[in-house]
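Numbering (this note's numbering), first residue to last: 4 to 194. Don't be surprised by glycine CBs; every beta carbon is placed ideally from N, CA and C. As structure tokens, the structure follows; a few thoughts come after it.
Set out below in structure tokens:
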């Protein structure tokens, strides 16, 4: 018999390798994940507790996804199965990517190819590294690109902490909304 805990965290941080997932987790919690500038620094989820206005939730960094993850590329199956075990996602995107919208869409395709329900999991889309001059210079272009596909986006710098408090407050609000939408019991059928 193999038992697997289905929920490891309230929120999972997903994205390509090196988008700043470990840095964000370290910035908003007491977790101390390994942070380095090479792919697959994180090989298993790292958990942290985030406190917002006297309340808390568990945030986990999911190791980086790559194109082909649904076929097992880059340890894809191991990484994708952890995403199933969260209530919602923070989809972190590197603002220095040539095509941030395309990056977001490719990761979402990988989620859907692995398990169709994953692509529908609630997520907050976040562009990171806005502290970098090359990203700062492209912000109007990036905002317009996401607006064109109808996606609301947060802009943060996990390294400097810019925008992270607001993101965590909105994450908690979304968790509250999700909790309100989930039926609390089986209910009694009416006769």
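Coarse secondary structure for residue i, derived from DSSP in three states
i, result
"residue 99", "coil"
"residue 56", "coil"
"residue 21", "coil"
"residue 184", "helix"
Contacts around residue i, its chain only, beta-carbon distance under 7 angstroms, and the 5 residues preceding and following it disregarded
i, result
"residue 111", "122"
"residue 132", "23, 97, 98, 99, 138, 160"
"residue 179", "none"
"residue 32", "51, 52, 53, 62"
Nearest to residue i (by Cα), restricted to the options the options
i, options, result
"residue 141", "125, 118, 100", "100"
"residue 108", "86, 148, 165, 169", "148"
"residue 18", "88, 114, 102, 94", "94"
"residue 16", "64, 167, 33", "64"
"residue 86", "158, 118, 169", "118"
"residue 49", "169, 165, 66, 13", "66"
Cross-strand partners of residue i (DSSP beta bridge)
i, result
"residue 126", "92"
"residue 62", "14, 51"
"residue 158", "130"
Contact set for residue i: own chain, Cβ-Cβ below 8 angstroms, skip 5 residues either direction
i, result
"residue 177", "91, 125, 127"
Neighbourhood of residue i by C-beta distance below 6 angstroms, restricted to the same chain and skipping five residues each side
i, result
"residue 172", "55"
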